[in-house]
Amino acid sequence: MSHLVALFTSKYFLAPTIGWAVAQLLKMIIDTFRSGFSKERFKSNTGMPSSHGAIVSALIIITGLLKGTGSFEFAVVLFFGSIVLFDATGVRFETQRQGKALNNLNDERLEEGKQPLDIIRFKEKLGHNMIEIIVGCLIGIVSAIVVYHLPI
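Counted from 1, the sequence shown has number 139 at position 139 by the UniProt record's numbering; the numbering is strictly sequential.
This is the structure we're talking about:
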């Protein structure tokens, strides 16, 4: 039990968790205004703001504040965080483009009376654009600073 208490009171755990929760809540609110309420959006990993950005930036900042920017831990979270953000913007964005292209191809095949390549529709929203990442990162930075100042 003491291990769970230690985890849930750890600033390294709290900062990214709070950043993620705030980003997901804002994502639900923004999407509700855009296209109506959907509880599925809370567990979505795309859209505005980026929960990837919030989690990664919160972990980077809280580690820098607690361990110092010259520490091994800071270097590790900085490099792994960079990989996550690159994936969220680059790799997943390209996969999103491929999904759109495959869906268009399937639609054309159906219109021509041919068998589609696949019976499912491919996801067309997988990655983040730069604004979504930046806003998510700002949320994470604020979360880390707030958690850093908590008296725990």
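Cβ atoms here follow ideal geometry from the backbone N, Cα and C, with glycine treated the same way. Since we're looking at a predicted model, the values are computed, not measured.
- Beyond the five residues adjoining it in sequence on each side, M48 comes within less than 6 Å, by CB distance, of I30 and E132 in the same chain, given in chain order.
- The continuous alpha helix (DSSP H) containing P16 extends over residues K11 to S35.
- Annotated as distal: L138 and F122, with beta-carbon spacing of 8 Å or more.
- Only buried fits S57, as 16 or more other CB atoms lie within 10 angstroms of its CB.
- In this structure, H128 is the residue among I119, Q115 and H128 with its C-alpha nearest to the C-alpha of D87.
- Taking all protein chains shown into account, H52 has 16 or more neighbouring C-beta atoms within 10 Å of its C-beta and is therefore buried.
- Within the same chain, and ignoring the five residues on either side of I61 in sequence, the residues whose Cβ sits closer than 6 Å to its Cβ are I141 and A144.
- Of all C-beta pairs linking the region 62–78 to the region 9–23, three or more are shorter than 8 Å, placing the two stretches in contact.
- Listed in chain order, the non-local C-beta contacts of K125 below 8 Å within the same chain comprise T46, G47 and Q96, local neighbours out to five positions each way being set aside.
- Excluding sequence positions up to five before and after W20, its CB lies within less than 6 Å of the CB of S51, A54 and I55, all in the same chain and listed in chain order.
- Our two residues, I134 and A23, have alpha carbons roughly 12 Å apart in a direct line.
- Classified as buried, K27 has 16 or more neighbouring CB atoms from the shown chains inside 10 Å of its CB.
- For Q115, the secondary structure class from DSSP, reduced to helix, strand or coil, is coil.
- Annotation: the continuous alpha helix (DSSP H) that includes V77 extends over F72 to F86.
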